[in-house]
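Notes follow once the structure below has been shown.
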Amino acid sequence: MSDDICQMSAIDLLAAYSDGSLSPVEVTEAALGRINQCNEAFNAFCLVDEEGALATAKQSEERWRKNAPQGRVDGVPASVKDLVLAKDWPTQRGSRTSDRSQLSPEDAPAVERLREHGAVILGKTTTPEFGWKGVTDSPLTGITRNPWNSEHTPGGSSGGAAVAALTGMGPLHIGTDGGGSVRIPASFSGIFGLKANFGR
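Take the sequence shown: its position 91, counting from 1, is numbered 912 in our numbering, and each next residue is one higher.
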């Protein structure tokens, strides 16, 4: 059943929460299980917060039991590219010049919006150093592999996010894209990716 859960879209998960056929805790456990199963081979995540994700999922589950979801993605697993600030986590940017002990005091706006709407943030996904190229490898986190063929790249610089989406490590993933950094990995991985822009 967990494999089926890992392939569900955010919309399908929300419907299942609403009718009580699934809970955010079940779904989060399935996503974390998939990360544990696949991440060593493909290197999509550079930081996973199992404890924090499960705590958030339990809070979401309580809201759904009361039929009072917090927002549009309450209980849906998500990730954040490691160029984007997330409160109480380091932002290493794929670089050995970063200080892992330096934790962000605040969320970037996109992360803040996810939290406001109840998303379960699993961790941070890999990026090339400073997100500067269309291949996801870095001196800090190593090579991120394309699940279709591990000899190939998933593209970059949001390659970790694309691999996480493709392999069922959660349905929602924040990337960044100034020159193709979401669109290239989406096309290399065969998934949907949206280039962020200003406004809604």
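Here a beta-carbon is modelled for each residue, glycine too, at the ideal position from N, C-alpha and C.
Residue Lys902 holds the alpha-carbon nearest to the alpha-carbon of Ser978 among Lys902, Gly939, Gln891, Val848. Two segments are said to touch when three or more pairs of C-beta atoms, one from each, lie closer than 8 Å; by this definition the stretch 905-912 does not touch the stretch 875-890. Beta-carbon to beta-carbon, Asn967 and Phe1009 are separated by about 6 Å, close enough to satisfy the 8 Å threshold. Burial check for Phe1019: the Cβ neighbour count within 10 Å stays below 16, so the residue is exposed. Counting along the chain, Pro898 sits inside the beta strand (DSSP E) bounded by residues 898-902. C-alpha of Gln880 to C-alpha of Ser959: approximately 35 Å in a straight line.
The stretch 931-1006 contains, as complete alpha helix (DSSP H) runs of 4+ residues, the segments 980-987 (chain order). A direct Cα-to-Cα measurement between Glu933 and Glu972 gives close to 36 Å.
Under the 10 Å beta carbon count, Phe863 is surrounded by 16 or more other beta carbons and is classified as buried. Nearest C-alpha to Asp824 among Ser1002, Val848, Gly841, Ala836: Val848. When secondary structure is reduced to three states using DSSP, Pro926 falls in the coil class, being assigned neither helix nor strand. For Thr946 against Ser900, the beta-carbon gap comes to about 5 Å, under 8 Å, which counts as contact. In chain order, Pro911, Gln913 place their CB closer than 8 Å to the CB of Arg921, counting only its own chain and leaving out the 5 sequence neighbours on each side. One alpha carbon belongs to Ala889, the other to Gly841, and they sit about 13 Å apart. In terms of Cα proximity to Leu835, the closest of Gly896, Gly1014, Thr957 is Gly896. Cα atoms of Ala983 and Pro845: separation of roughly 22 Å, rounded to the nearest angstrom. Note on Ala986: 16 or more other CB atoms within 10 angstroms of its CB, so buried under the neighbour-count rule.
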